[in-house]
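Residue numbering for the sequence shown follows the numbering used here, starting at 1412 and increasing by one per position. Note that beta-carbon positions come from the ideal geometry of N, C-alpha and C, so glycine has one too. Everything below concerns the one structure shown next.
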Amino acid sequence: MRPVIKGTAPRSYSHWKHARNDLGNQIGWHCSYCEMAITNMIEVEHIVPRHRGGKPFDWDNFLLSCKYCNTVKSDRNPSSAGYLWPDRDNTDISFTYSLLNVIEHVNGRAQAEAIATIDLMGLNRRPGGHTEPTEADTRWIFRLQAWVIAKKSYRNWQSAPSVAMANQIALTALGTGFYSIWTTVFKSEVQVLQALQSTFPNTYKAMAGGVRVVRANGVI
């Protein structure tokens, strides 16, 4: 799950839908949770649901979501506590991604929150898995396509590594979505990882002495 810098509200809102374009311009047109690229009907999602007391027009309570993650999440979380959020936590070091198991928690710090987050959005739903997706839930299809494209791109990179190729791979990833799949496939290729981080808008990553810094107000 890509950690993002959402920043402060660029303006005030009389309806949460009015924040959609500002959010897209700031953190990219991808689901904040499953990372799927969304070309239309992206939804402004309330971190703390409105029906649970979440502020309906507060920038700090907004993320972007695909229809599937938003529907599965619904108003099941009574607060933001007990979960990981990409605008608050180092979510990229809390999960691992694989073709078979989709997404798994990393043992150790924030393990309970990571497990709860996977369940809240149904991020590991796949045919034949522990939890089957609904017929309408096509996240697994696009996720599988991203794996195929990323692996083909990796073979192209091995054949002709260059700055131009790294930048092109990052642009392909931006259009395909699923940032964490791309960083998993290219985990040993620093040049491509840097291109990915700079191409996906406002990706958060802070280091101190070679160690990741826990984000302010974050769990991890």
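Under DSSP, S1476 shares a beta bridge with E1454.
With contacts defined as CB atoms closer than 9 Å, Y1479 and T1549 qualify as a contacting pair. Counting along the chain, E1515 sits inside the beta strand (DSSP E) bounded by residues 1513-1516. Contact between the region 1577-1586 and the region 1595-1608 is established, with three or more Cβ pairs separated by less than 8 Å. Here P1467 is exposed. Its C-beta has fewer than 16 other C-beta atoms within 10 Å. Collapsing the DSSP output to three states places Y1565 in a helix. Following the DSSP letters along the chain, one finds S1591 inside the alpha helix (DSSP H) bounded by residues 1590-1596. Sixteen is the threshold: since fewer than 16 other Cβ atoms of the shown chains lie within 10 Å of the Cβ of Q1522, the residue is exposed. Segment contact: the region 1563-1573 against the region 1514-1532, fewer than three CB-CB distances shorter than 8 Å; contact not assigned. Per the C-alpha coordinates, the member of S1490, A1525, T1450 positioned closest to F1506 is A1525. Looking at the backbone, the Cα of A1420 and that of D1471 are separated by about 8 Å.
R1431 and V1459 do not touch by the CB rule: their CB atoms are close to 18 Å apart, not below 8 Å. Distance check between L1434 and each of P1612, I1631, G1620 places P1612 closest, using alpha-carbon atoms only. Contact check for R1554 and P1544: beta-carbon distance about 10 Å, past the 8 Å limit, so the pair fails to qualify.
A Cβ-Cβ distance of about 7 Å is found for the pair T1614 and P1414, placing them in contact under the 8 Å criterion. 9 Å or more divides the Cβ of T1587 from the Cβ of D1503. If you draw a straight line from the Cα of G1539 to the Cα of W1440, it comes to about 29 Å.
For Y1444, the closest C-alpha among the options Q1437, W1496, R1487, R1461 is that of W1496.
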